[in-house]
Amino acid sequence: MIGQEPLSNSGRYLGLSFLSVASLLLTWLLVTNAGLVSAKVLPSPQALAHELYSLIITGYTGKPLWAHALASLIRTLVGLIAALLVGIPVGLLMGASRVAGALLTPPFSFLRPVPAIALIPLIILYFGIGEFSKIFVIFITASLYIILNAAAGVKSVPQDLIRAGINMGLSRRQLFTHVILPASAPYIMTGIKTATAVSWALVVASELIAAQVGLGYVIMDAATFYRIPDVYIAIAIIGLIGLALETLETYAENRLLHWRGK
Amino acid sequence: MPAPEVKIKVDQVSKVFASHGQAPVPALDIISTEIHAQEIVCLLGPSGCGKSTLLNIIAGFEPPSTGTVCVSGRTVTKPGPDRGMVFQAPALFPWLTVRQNITLGAKCRGTPAQDYEARAAEYIAAIGLQGFEHYYPYQLSGGMRQRVSIARALLGEPDVLLLDEPFGALDAQTRLSMQELLLQIWERFRPTIMFVTHDVEEAVFLASRVLLMSARPGRIREEIVVSLPRPRTFEVLTTDQFVAIKKQLLSLVHNHASGPALQSAAL
Chain A
6 MIGQEPLSNS GRYLGLSFLS VASLLLTWLL VTNAGLVSAK VLPSPQALAH
56 ELYSLIITGY TGKPLWAHAL ASLIRTLVGL IAALLVGIPV GLLMGASRVA
106 GALLTPPFSF LRPVPAIALI PLIILYFGIG EFSKIFVIFI TASLYIILNA
156 AAGVKSVPQD LIRAGINMGL SRRQLFTHVI LPASAPYIMT GIKTATAVSW
206 ALVVASELIA AQVGLGYVIM DAATFYRIPD VYIAIAIIGL IGLALETLET
256 YAENRLLHWR GK
Chain B
480 MPAPEVKIKV DQVSKVFASH GQAPVPALDI ISTEIHAQEI VCLLGPSGCG
530 KSTLLNIIAG FEPPSTGTVC VSGRTVTKPG PDRGMVFQAP ALFPWLTVRQ
580 NITLGAKCRG TPAQDYEARA AEYIAAIGLQ GFEHYYPYQL SGGMRQRVSI
630 ARALLGEPDV LLLDEPFGAL DAQTRLSMQE LLLQIWERFR PTIMFVTHDV
680 EEAVFLASRV LLMSARPGRI REEIVVSLPR PRTFEVLTTD QFVAIKKQLL
730 SLVHNHASGP ALQSAAL
């Protein structure tokens with residue numbers, strides 16, 4: 006195609022990305038080993054590797070590292086799944102029914118710009134510092150994203166697709182299941198991906214505030230006791246899990262919704 | 480010989496669109512006409528003359544302000560597969576394959592699978608897309624997608640096939656092959672066809688009768704019978720007879736289009 010670079014160049018761009026990561030790691034290695042930055046602020050790669058090894062062997066505050074990661078992950082997934090089960094139907098209804106839309110849009114429009122983190126103290130006040138609070142924060146936030154995206158999806162179904170469906174003799178219910186629902190799926194998926202990213206950040210935030218286990222708890226505890234390498238390691242694990250979640254969802258999106266936007 | 484069955488009866492239909500805060504727009508003046516079985520009738524006219532509005536009323540997407548439309552003796556109240564429609568944009572469902580797009584209507588109507596699968600295969604062959612059954616619309620060209628939407632309309636076993644400027648978005652060569660395809664489908668399946676266009680050549684090439692419409696408000700001002708023999712191929716486009724009919728139609732269109740303003744400018 007005119008305008009597209011020859012394939013031999015994509016190797017060049019891959020090489021550049023590789024170079025970027027490699028040079029960052031190299032800089033980190035040199036700067037820390039030359040003593041240019043205090044080890045208390047930025048540990049050297051070998052110090053982190055050593056600490057990671059010892060964390061895997063002995064765990065953190067009596068619990069294995071994977072147990073902390075799993076605790077954060079489970080809170081996120083439970084909140085997300087609950088949000089899917091509630092949010093998708095509510096969102097679809099909101100988009101399809103003018104009455105529902107009129108009723109629900111004002112409160113949701115008010116809630117949307119409120120950062121979910123700001124809700125955490127209130128939720129802890131009402132529900133305590135246990136598992137429910139953390140899951141509830143995620144549920145509330147994720148639901149909002151999914152609801153608003155699902156409603157937008159329904160509203161954006163092209164008019165000519167609906168006409169084509171009516172012309173084929175589809176009943177109202179068939180029109181919903183066979184036309185409106187699949188046509189809204191890309192929007193719903195976008196809502197899910199956004200909700201996942203936000204939820205993962207939110208679980209860490211709520212664990213920073215009040216938790217006995219979890220990656221956010223690890224950060225908060227390690228920072229309190231000046232265990233700097235542990236902070237970095239926890240951050241890295243958070244980043245990797247977040248990346249893994251996003252990659253999984255993108256993969257599912259490309260398999261199921263390969264037709265979107267075309 | 481018995482008179483051919485009346486498939487579409489348009490009886491005293493007019494359409495006025497209500498306009499917020501402004502005078503209502505008279506889109507269609509009182510129109511009455513009849514389309515017979517196996518006819519190919521063209522509604523020809525400039526943009527805004529109401530030809531698409533009339534087609535939408537026949538399809539059931541719009542109610543007429545006055546009058547009624549009867550298709551095969553039944554009054555039209557809402558859209559249905561008996562008036563299969565082909566829109567200007569193919570309007571295929573992007574998440575379904577070619578075969579699934581064509582058969583969705585039949586499936587939802589409860590037609591048994593062995594019935595519609597066989598006919599779907601027949602139509603897919605008739606539109607020349609064998610081997611593409613499992614392709615998705617985004618993998619097809621514009622012309623191919625439009626062919627699928629024709630097959631989709633045909634599978635509903637419509638009393639009439641309604642086409643609204645179906646080839647307007649295609650390039651000239653694709654348009655010609657699509658026109659030939661429509662003629663081949665007519666030869667094979669003999670549907671009653673009503674299509675809307677602003678292209679004079681297309682009207683003469685396809686139609687057995689052309690209803691020339693004028694605008695504001697829309698009405699049928701002239702009816703031209705196109706007596707070119709069938710089957711027609713692209714070769715008919717350069718015959719003397721074709722050119723004569725085209726000439727007649729063009730001067731009718733032109734005389735109406737150039738009103739007093741243009742004539743005084745020419746002086």
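The listed protein sequences correspond, in order, to chains A and B. Counting from 6, one number per residue, gives the positions in the first sequence under our numbering. Counting from 480, one number per residue, gives the positions in the second sequence under our numbering. Glycine is no exception: its CB is placed at the ideal position from the N, C-alpha and C atoms.
Inset, instruction - Identify the continuous beta strand (DSSP E) that holds residue 643(B) and give its terminal residues. - result: The residue you call residue 643(B) lines up with position 164 of the second sequence. Residues 639-643.
Inset, instruction - With 8 Å as the threshold, decide whether the Cβ of residue 617(B) is near any Cβ in chain A. - result: Mapped onto the second sequence, residue 617(B) falls at position 138. Yes, because at least one Cβ of chain A sits closer than 8 Å to the Cβ of residue 617(B).
Inset, instruction - Taking only beta-carbon positions, decide if residue 194(A) is within less than 8 Å of chain B. - result: As a first step, residue 194(A) must be located in the first sequence, where it is residue number 189. Not one chain B Cβ lies under 8 Å of residue 194(A).
Inset, instruction - Would you mind giving the Cβ-Cβ distance between residue 5(A) and residue 188(A), rounded to the nearest angstrom? I have them listed as a contact below 8 Å. - result: The question about residue 5(A) has no answer here: the residues shown for chain A are numbered 6 through 267.
Inset, instruction - Please decide whether residue 93(A) counts as near chain B, where near means a Cβ-Cβ distance under 8 Å. - result: As a working mapping, residue 93(A) is identified with position 88 in the first sequence. No, residue 93(A) lies away from the interface with chain B (no Cβ there is under 8 Å from its Cβ).
Inset, instruction - Find out if the Cβ-Cβ distance for the pair residue 275(A), residue 208(A) is shorter than 8 Å. - result: This structure cannot speak to residue 275(A), because chain A is shown only from 6 to 267.
Inset, instruction - Note down, in chain order, each residue of its chain lying with its Cβ closer than 6 Å to the Cβ of residue 16(A), except the 5 sequence neighbours on either side. - result: Residue 16(A) sits at position 11 when you count from the first residue of the first sequence. Answer for residue 16(A): no residue qualifies.
Inset, instruction - Mind the definition here: the segment 504-520 of chain B touches the segment 481-493 of chain B only if three or more C-beta pairs lie below 8 Å; say whether that holds. - result: yes
Inset, instruction - Compare the C-beta of residue 743(B) with all C-beta atoms of chain A and state if any pair is closer than 8 Å. - result: By 1-based counting over the second sequence, the position of residue 743(B) is 264. A caution first: residue 743(B) carries a pLDDT of 40, below 50, which makes its placement in the model unreliable, though a value can still be read off. Residue 743(B) does not count as touching chain A.
Inset, instruction - Under 8 Å by Cβ, that's how I've got residue 570(B) and residue 166(A) pegged, so tell me the actual separation to the nearest angstrom. - result: On the second sequence, position 91 is the one that residue 570(B) refers to. On the first sequence, position 161 is the one that residue 166(A) refers to. Sure, about 6 Å apart at Cβ, within 8 Å.
Legend entry - Short CB-CB distance (under 8 Å) between residue 168(A) and chain B: One-based indexing of the first sequence puts residue 168(A) at position 163. Yes, residue 168(A) lies at the interface with chain B (some Cβ there is under 8 Å from its Cβ).
Inset, instruction - Count the other C-beta atoms from every protein chain shown that fall within 10 angstroms of the C-beta of residue 545(B), then say buried if there are 16 or more, exposed otherwise. - result: Your numbering for residue 545(B) matches position 66 in the second sequence. Residue 545(B) is exposed by the Cβ-count criterion.
Inset, instruction - Check each candidate in 663(B), 668(B), 596(B), 583(B) and name the one with the smallest Cα separation from residue 628(B). - result: Here residue 628(B) corresponds to residue number 149 of the second sequence, with the count starting at 1. Per the Cα distances, 583(B).
Legend entry - Members of the segment 141-171 of chain A that neighbour chain B once the beta carbon cut-off is set at 7 Å: 165, 166, 168, 169, 171
Legend entry - Close-in-space but distant-in-sequence residues of the same chain around residue 122(A) (CB under 6 Å, 5 per side omitted): For the purposes of this step, residue 122(A) is taken as the residue at position 117 of the first sequence. So the qualifying residues of the chain are 210.
Inset, instruction - Output yes or no for whether 8 Å exceeds the beta carbon distance between residue 673(B) and residue 639(B). - result: By one-based count along the second sequence, residue 673(B) stands at place 194. By one-based count along the second sequence, residue 639(B) stands at place 160. Against a cut-off of 8 Å, the Cβ pair of residue 639(B) and residue 673(B) comes out as a contact.
Legend entry - For residue 676(B), three-class secondary structure by DSSP: Counted from its first residue, the second sequence places residue 676(B) at position 197. In this structure, residue 676(B) counts as strand in the three-state DSSP scheme.
Inset, instruction - Examine chain A for any beta-carbon lying closer than 8 Å to the beta-carbon of residue 563(B), and answer yes or no. - result: Taking the second sequence and counting its residues from 1, the one referred to as residue 563(B) is at position 84. Answer yes: the Cβ-Cβ gap between residue 563(B) and chain A drops below 8 Å somewhere.
Inset, instruction - Report yes if the CB atom of residue 562(B) is closer than 8 Å to the CB atom of residue 539(B), and no otherwise. - result: Residue mapping note: residue 562(B) aligns to position 83 of the second sequence, counting from 1. Residue mapping note: residue 539(B) aligns to position 60 of the second sequence, counting from 1. In this structure, residue 539(B) lies closer than 8 Å to residue 562(B) by Cβ.
Legend entry - Delimiting residues of the alpha helix (DSSP H) encompassing residue 81(A): Here residue 81(A) refers to the residue found at position 76 of the first sequence. 70-101 is the span of the alpha helix (DSSP H), which, as asked, contains residue 81(A).
Inset, instruction - For the beta strand (DSSP E) containing residue 562(B), list its first residue and its last residue. - result: One-based indexing of the second sequence puts residue 562(B) at position 83. Looking at the DSSP string, the run of the beta strand (DSSP E) that includes residue 562(B) is 562-565.
Inset, instruction - Please say whether residue 38(A) and residue 28(A) have beta carbons closer to each other than 8 Å? - result: Taking the first sequence and counting its residues from 1, the one referred to as residue 28(A) is at position 23. Taking the first sequence and counting its residues from 1, the one referred to as residue 38(A) is at position 33. No; because the gap between Cβ atoms is not below 8 Å, this pair is not in contact.
Legend entry - Whether residue 124(A) touches residue 145(A) by CB criterion (8 Å): Against the first sequence, residue 124(A) aligns to sequence position 119. Against the first sequence, residue 145(A) aligns to sequence position 140. Yes, these two residues count as a Cβ contact at 8 Å.
Legend entry - Cα-Cα separation between residue 2(A) and residue 190(A), rounded to whole angstroms: Residue 2(A) lies beyond the residue range present for chain A, which begins at 6 and ends at 267; the question has no answer from this structure.
Inset, instruction - State the Cα-Cα distance for the pair residue 713(B) and residue 522(B), rounded to the nearest angstrom. - result: Start at 1 with the first residue of the second sequence, and residue 713(B) comes out as number 234. Start at 1 with the first residue of the second sequence, and residue 522(B) comes out as number 43. Rounded to the nearest angstrom, the two C-alpha atoms are 21 Å apart.
Legend entry - Strand pairing of residue 763(B), partner residues [DSSP]: This structure cannot speak to residue 763(B), because chain B is shown only from 480 to 746.
Inset, instruction - With 8 Å as the threshold, decide whether the Cβ of residue 267(A) is near any Cβ in chain B. - result: Here the question's residue 267(A) lines up with position 262 in the first sequence. Among the residues facing chain B, residue 267(A) is included, as its CB has a counterpart in that chain under 8 Å away.
Inset, instruction - Step through the CB atoms of chain B and report whether any lies within less than 8 Å of the CB of residue 100(A). - result: For this step, residue 100(A) is matched to residue 95 along the first sequence. At a cut-off of 8 Å, the C-beta of residue 100(A) has no neighbouring C-beta in chain B.
Inset, instruction - Tell me, please, whether the segment 154-164 of chain A touches the segment 93-107 of chain A by the rule of three or more beta-carbon pairs shorter than 8 Å. - result: yes
Legend entry - Pick from 205(A), 58(A), 263(A) that is closest to residue 142(A), judged by C-alpha positions: Along the first sequence, read from residue 1 onward, the residue named residue 142(A) stands at position 137. For the residues 205(A), 58(A), 263(A), the minimum Cα distance to residue 142(A) belongs to 205(A).
Legend entry - Partner residues on chain B for residue 175(A), Cβ-Cβ distance less than 9 Å: By 1-based counting over the first sequence, the position of residue 175(A) is 170. For the C-beta of residue 175(A), the chain B residues within less than 9 Å are, from N- to C-terminus, 583, 584, 587, 588.
Legend entry - Proximal chain A residues relative to residue 568(B), where beta-carbon distance stays under 8 Å: As a first step, residue 568(B) must be located in the second sequence, where it is residue number 89. Simply 165.
Legend entry - Per-residue DSSP class, three states only, for residue 485(B): For the purposes of this step, residue 485(B) is taken as the residue at position 6 of the second sequence. Strand.
Legend entry - Inter-residue Cα distance where the pair is residue 594(B) and residue 588(B): In the second sequence, counting from the first residue as 1, residue 594(B) sits at position 115. In the second sequence, counting from the first residue as 1, residue 588(B) sits at position 109. Each residue's alpha carbon lies about 12 Å from the other.
Inset, instruction - Give the straight-line distance between the Cα atoms of residue 746(B) and residue 722(B), rounded to the nearest whole angstrom. - result: Sequence index remark: in the second sequence, residue 746(B) carries index 267 (1-based). Sequence index remark: in the second sequence, residue 722(B) carries index 243 (1-based). Confidence in residue 746(B) is poor, its pLDDT being 39 and thus under 50, which makes the residue's placement too unreliable to answer from.
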